[in-house]
Amino acid sequence: MLRTHNCGELRINDVGKKVTLAGWVDKIRDLGGIRFLILKDRYGYIQVVPGDNEKVAETLRKLKPEYVIRVSGTVRKRPDEAVRTDIPTGQVEVVADEIEILSEAQTPPIYTDRDDDTSEELRLKYRYLDLRKPRMQHNIIMRHRIVQTIREYLNKNGFLEIETPMLMKSTPEGARDFIVPSRLRPGKFYALPQSPQLLKQILMIAGFDRYYQIARCFRDEDLRADRQPEFSQIDIEMSFVERDDVIEMAEGLVKYVLEKVFNRKLDKQFKRLTYEEAMEKYGTDKPLTHFGMELQELEELFYDTPVNFIKAVLEKGGTIKGFVVPRDMSSFTRKRIDSYTKMVQELGLGGLIWVKNVDEPRSSIDRISPGISSKIVEHMKIPKGGGALIAAGEREVLNEALGILRVKVAQDMGMIDADELDLLWIIDFPMFEWDDEENRLVARHHPFTMPHPEDMKAYPDDPLKIRSLAYDLVMNGNEIAGGSIRIHSTELQRWVFEKIGITENEANEKFGFLLEAMRYGVPPHGGIAFGLDRFVMILLKEKSIREVMAFPKTTTGADLMMGAPSNVPDEMLKELKIRVMENTREV
RNA sequence: GGGGACGUGGUGCAGCGGUUAGCAUGCCGGUCUGUCACACCGGUGGUCGCGGGUUCGAGUCCCGUCGUCCCCGCCA
């Protein structure tokens, strides 16, 4: 070893020890008669001062930030007036009697000692320097700890970690596949997994009973702050379980991570909302719930309303809903309400009605509908000083628009608590959805999800009414995990394929192996997959999953450090029997 | 596929039609023996992303293009 200690571990009781350290030069503070050198590595920072030694002084003069050096010396207590309490090694320093330069460094093009400045473009190009920043070091280290804690939990609970192939088969449904040409079978392609969904089900059929994998997944879709073309899932599958068993296991995992890594103990069970409740109360299937302000039905107050635009909406089968703004309604100026109005109009609503309960109940429709304000205040239980925002429209549009407005208003009023752990399950998703573009039913979760047995009996001919045994875990307004109980009978599986317009032939061609496997004894099974990057992002309070990934890509899918994607030599294409269409290759 | 923001010394920003493009930081040199974003003094450093247009005159206005970021669509 080139070192006896790392840069973060020396303490007051190490005083007097002879040590050898290695690391990067963080800063040199040259006071003329004395030079302080700050040495860093991933463990921390330690101050080095030269001993009474001309050779050391000479080497020290040559050093610049980011040089990699090795320092031998003695640990000494800092003078009382120079003790620092904000870093763990702040009570000591190393008196160097030897400094060796292991590697020189050019002046870095971006700062490595501070956070939150450089453009992402440069950060990504010089990722190795960006990753030296304290915040990035912290994020990557925490990610490791979170992943290991997850493994620990799953191992304790009898799960087997099993790898599945990256070279898979392209399947219909879902996201666009990344494909990989096959040299040995020219003209044919593998697909990179969007998730190991089918294989984990096959592993259940194979009898492995409890499986997990930190699985890399690939989806060739447009990027977002929380979406990368390749990302990691904590993929879990269990046999002989029912919905609540999977939910409890996953909930246990989240609680375990929060307790072990973040020292936050959650005793209560996570809330559970049905999809329908979520949509009616929050207008979204991934709601933020901790600040309240749920959407309320107001239709009964407006049955004989003289307000024409509301009457018109109700006659067309629409409804009227709103939410309480619990305080500070006097700060809702005309201008502010106008901007909210504009926002909901862009989301498809006609406008916005405001109610204030500041001095006395007042609202924007008082003149047309005298007395309505008091009724609303009473019905919605608007506290003194508060108010409400109300709108009318077609139910789905109304829910969505008010749901977005609700979060915006809460944000503007500072009601969103960044330290809150807002965790809940959404259950009872619809099994199918109508896809206008493709003019057919599609599976809302995926086609291997078990339809709700009650609904199968109750509405065998009305698939849109059928719920599924799917569930999502929502954390601080993000979907962080989703899963379902799977179908374990060939007949039911074929029925689902039929409903979503996959023919017998197609089903056999694309999923034949699963259908065949299902003939050989399938345990009832189900599972869940966590978006690991998102989970870590939220836990570390980051705004983008790029901040918790070592080598993320840009919004156009480029790796700025490697320069991927890139052209490949013609020879390579020839070997693969691939011809690139004209005008598509850049120089 | 669509909408929006940004692009100016190495880095982060200012300049919004008119002399020589400014500030901070970095970098280089100097002074300084307890600093900790050391301080102070001096200096270096920019064809204003690229192309075209408008104008007597463009970093500034217009069009296009490239890049980065955010959002909608898309992401079972």
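Just so we're aligned, residue 983 is where the first sequence starts under our numbering, counting upward by one.
Glycine included, every Cβ here is placed at the ideal spot set by N, Cα and C.
Owing to the predicted nature of the structure, the values given are computational and were not obtained by experimental measurement.
- The shortest CA-to-CA distance from Gln1183 to any of Val1518, Glu1553, Thr1537 and Pro1505 is the one to Pro1505.
- Taking the Cα of Gly1465 as reference, the smallest distance to any Cα among Arg993, Leu1558, Asp1217 and Met1544 is reached at Asp1217.
- Put simply, the segment 1397-1407 touches the segment 1454-1470. At least three CB pairs are less than 8 Å apart.
- According to the DSSP assignment, Ala1463 belongs to the beta strand (DSSP E) that extends over Asn1460 to Ile1467.
- In the DSSP assignment, Ser1355 falls within the unbroken alpha helix (DSSP H) covering Ile1354 to Met1362.
- By a beta-carbon distance limit of 8 Å, Arg1246 does not contact Arg1201. Their separation comes to about 32 Å.
- Ile1302 sits close to Phe1284, with the two beta carbons spaced by under 8 Å.
- Here Ile1196 has Val1129, Ser1214, Ile1216 and Leu1514 as same chain residues with Cβ atoms under 7 Å from its own Cβ, once five neighbours each way along the sequence are excluded.
- Fully contained in the segment 1140-1177 are the following beta strand (DSSP E) runs of length 3 or more, in chain order: 1161-1163 and 1171-1173.
- Within the model, the alpha-carbon separation for Phe1493 versus Thr1153 is close to 8 Å.
- The C-alpha of Val1518 lies about 6 Å from the C-alpha of Arg1125.
- In this structure Ala1370 touches Ile1358 by the C-beta definition: roughly 6 Å separates them, less than 8 Å.
- When Phe1190, Lys1170, Ile1132 and Gly1156 are compared, the shortest CA-CA separation from Ile1560 is found for Lys1170.
- Within the same chain, Val1057, Arg1058, Lys1059 and Val1074 come within 8 Å of Val997 by CB-CB distance, once the 5 residues on both sides are set aside.
- Non-local beta-carbon contacts of Leu1142 in its own chain, meaning distances under 7 Å to residues more than five positions away in sequence, involve Phe1190, Arg1192 and Tyr1193 in chain order.
- With respect to Pro1365, Ser1356 sits apart: the two C-beta atoms are not nearer than 8 Å.
- The C-beta distance from Glu1276 to Tyr1264 rounds to 7 Å, short enough to meet the 8 Å contact threshold.
- In this structure, the beta-carbon distance from Tyr1238 to Tyr1108 does not fall below 8 Å.
- By the neighbour-count definition (other C-beta atoms within 10 Å, threshold 16), Tyr1502 is an exposed residue.
- Each residue's CA atom was taken as its position, placing Asp1012 and Thr1002 some 22 Å apart.
- Within the DSSP secondary-structure output, Met1186 pairs in no beta bridge.
- As summarised for the segment 1260-1321, the continuous alpha helix (DSSP H) elements at least 4 residues long and confined to that stretch are 1290-1297, given in chain order.
- Asp1208 places its beta carbon 8 Å or farther from that of Asn988.
- Per DSSP, the beta bridge partners of Tyr1027 are Lys1022.
- Using a Cβ-Cβ distance cut-off of 8 Å, the segment 1086-1098 and the segment 1041-1055 are in contact, since at least three pairs of beta carbons, one from each stretch, lie closer than that value.
- Leu1149 sits exposed, since fewer than 16 C-beta atoms from the chains shown fall within 10 Å of its C-beta.
- Per DSSP, the beta-bridge partners of Lys1253 are Leu1406.
- Within the same chain, Asn988, Cys989, Gly990 and Glu991 come within 7 Å of Tyr1025 by CB-CB distance, once the 5 residues on both sides are set aside.
- Measuring C-alpha to C-alpha distances from Asn1421 to each of Ile1398, Gly1483 and His1427 identifies Gly1483 as the nearest.
- In the structure shown, Ala1532 adopts coil according to DSSP, grouped into three states.
- Between Ile1335 and Ser1321, the gap from beta carbon to beta carbon reaches 8 Å or more.
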